[in-house]
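Read the structure below first, then the notes.
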Amino acid sequence: MRDERAGAALYAQGWRRDAPLGRLLAPVCLAPRPQGSAVTGTVPTIVLRLERLTKAFGDLVAVREVTLDIHDGEFLTIVGPSGSGKTTLIRMLVGMERPSAGDLFLEGERINDVPANKRPTCMVFQTLALFPHRTVGENVEFPLKIRKTPRAERKARALALLQLLRLPAEYYGRNVMHCSGGERQRVALARALAFDPEILFFDEPLSALDFRLRKTLQKELKDLHRETGKTFVYITHSLEEAMVMSDRIAIMRDGRIEQIGSPDEIYSAPVNRFVAEFMGEVNLFSVRAGGDGRLDFVDLGIGLSAPAMALAPGEARTLMVRPDAMRFLTPGETADCVVEGTVFNEYALGSRHQYSVRVGDLTLSVEKLREDRYLGALDATVLIGWDLEDTYLLGAER
Ligand code: ATP
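Position one of the sequence shown corresponds to residue 1374 (this note's numbering), numbered consecutively onward.
Rendered as structure tokens:
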């Protein structure tokens, strides 16, 4: 509710930069801005720079010294558990919260003290903050109206935005309360785009929608990002949502960013146990280097020769093995690591099947493709194996 009022206030005050008229009239002309690319060797342009940005509420530090560059035209998602500081961070970025310490630069200019209505940014809330009992057209045109855009031009731009958001033109005159949840979501997006903001911020806008609609809108948002070429900064609890949509993901914990990178980088090389577990089902083992190339699996009570692990003698770390890297061994089959366990349960996940296998006090997760699934009985004793080349050594915990 607080955000809804604040959102309405943001719109009501309006950001008064004179947007190029007609820019949104022809969505096909909204070519994506070029982003930096590791492949082409281009360097991304930094649109927003956060330097040691901090927010404390009394003794509680909600955001701790976050340093981060947001690239022009990227889709950045900030993901983290409840209370990790995502909303507080994004509220500072749009100017709804003043930083306690640190700096915020927009295209090189310090904007710590610039109020929300003077920033070229726009926020889309979970609650959408639409004006009820007004038409779709009135909602979408609102930012244009407060900028005193002539009526005919307002309507043309609103219709172009409805088209961009895949809403039929007939919806222009429809009461927004007579739209479905997904349609209202699109109206809110169209209104945000009517601001023609430099950066669009999204605070969990899809979390109240049902699973199928959420899936559809995730793809539509990603398409919209490509079509408009704008910078999108999105926050969510859902890592899956982050993976589907983002160019980069920042993972937050306790007010800090634990890791930032492409979905692929974060998936394949999590920096620590928190990120690895946040990324989904993984097997994590405490390992210790025994010297002379020996690696001891502390919780399994097994050791093996692993000279390639390059750990100092006595060094303790966490080793990650993804469920699909684990195998049910057939008689005579070997692997670098082999343990005996009992199959406790099976979970069908569509194209894949997952199994929990108890090994002493540990429960391992093993995943197979459906056509390759385990056909033995539950409670059967099995041999589970995996190879060191399919493991990943996590960094030292902070
Ligand atoms: P969620 O996903 O549940 O929305 P979040 O990651 O967005 O959580 P924040 O809402 O930023 O987290 O909250 C971070 C911490 O700051 C929490 O402990 C929260 O209680 C606290 N907090 C946020 N806003 C305020 C406030 N205005 N006054 C006091 N504490 C606050």
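Glycine included, every Cβ here is placed at the ideal spot set by N, Cα and C.
Check your understanding: What is the C-beta distance between V1716 and L1702, in whole angstroms, given that I count them as a contact (C-beta under 8 Å)?
Key -> As a working mapping, residue 1716 is identified with position 343 in the sequence shown. As a working mapping, residue 1702 is identified with position 329 in the sequence shown. So it is not a contact: roughly 13 Å between Cβ atoms.
Check your understanding: Any idea if G1681 is buried or exposed, counting beta-carbon neighbours within 10 angstroms, 16 or more meaning buried?
Key -> To locate residue 1681, count along the sequence shown from 1; it is residue 308. With the sequence shown as reference, residue 1681 is identified as Ala, and Gly is not the correct amino acid for it. Exposed.
Practice item. Give me the Cα-Cα distance between L1582 and G1554, rounded to the nearest whole angstrom. Key: Here residue 1582 refers to the residue found at position 209 of the sequence shown. Here residue 1554 refers to the residue found at position 181 of the sequence shown. Going from the Cα of L1582 to the Cα of G1554 covers about 7 Å.
Check your understanding: Between the region 1639-1656 and the region 1609-1629, do at least 3 Cβ pairs fall closer than 8 Å?
Key -> yes
Practice item. Measure from the alpha carbon of G1634 to the alpha carbon of each residue in L1423, D1442, R1425 and I1675, then state which is nearest. Key: Position 261 of the sequence shown, counted from the first residue, corresponds to residue 1634. Closest option to G1634, Cα to Cα, is D1442.
Point to revise | beta strand (DSSP E) segment containing S1678, residue limits | key: Residue 1678 sits at position 305 when you count from the first residue of the sequence shown. I1675 to S1678 is the span of the beta strand (DSSP E), which, as asked, contains S1678.
Review point. Does the beta carbon of F1647 fall short of 7 Å from some heavy atom of the ligand ATP?
Key: Walking along the sequence shown from the start, residue 1647 turns up at place 274. Incorrect: F1647 has no Cβ contact closer than 7 Å to the ligand ATP.
Exercise for review: Indicate whether P1315 and K1428 have their beta-carbon atoms separated by less than 8 Å.
Suggested key: The chain is shown only over 1374 to 1771; residue 1315 falls outside these bounds and no answer can be derived.
Review point. Roughly how many angstroms separate the alpha carbons of L1772 and E1482, rounded to a whole number?
Key: A query on residue 1772 cannot be resolved here, the shown segment of the chain reaching from 1374 to 1771 and no further.
Check your understanding: What do you reckon, is the C-beta of F1430 under 7 Å from a heavy atom of the ligand ATP?
Key -> Within the sequence shown, numbered from 1, the residue matching residue 1430 stands at position 57. F1430: yes, Cβ under 7 Å from the ligand ATP.
Exercise for review: State the beta-bridge partners of F1448 as determined by DSSP.
Suggested key: As a working note, residue 1448 is residue 75 in the sequence shown. Answer by DSSP bridge pairing, in chain order: F1605.
Practice item. Tell me whether T1460 counts as near the ligand ATP, meaning its Cβ is closer than 7 Å to at least one heavy atom of that ligand. Key: Here residue 1460 refers to the residue found at position 87 when the sequence shown is read from its first residue. At least one heavy atom of the ligand ATP is nearer than 7 Å to the Cβ of T1460, so yes.
**Study point:** Residue ranges of each beta strand (DSSP E) within the region 1453-1536, 3 or longer
**Key:** 1474-1479 and 1494-1497
Review point. Helix or strand or just coil, what does DSSP make of G1768?
Key: Walking along the sequence shown from the start, residue 1768 turns up at place 395. If DSSP states are grouped into helix, strand and coil, G1768 belongs with coil.
Practice item. Quickly, what does DSSP pair T1440 with across the bridge? List them, please. Key: As a position in the sequence shown, residue 1440 is number 67, starting the count at 1. For T1440, which the question treats as bridged, DSSP gives no partner whatsoever.
Practice item. Note down the Cα distance separating T1418 from G1446, rounded to an integer number of angstroms. Key: Taking the sequence shown and counting its residues from 1, the one referred to as residue 1418 is at position 45. Taking the sequence shown and counting its residues from 1, the one referred to as residue 1446 is at position 73. In a straight line, the C-alpha of T1418 is about 9 Å away from that of G1446.
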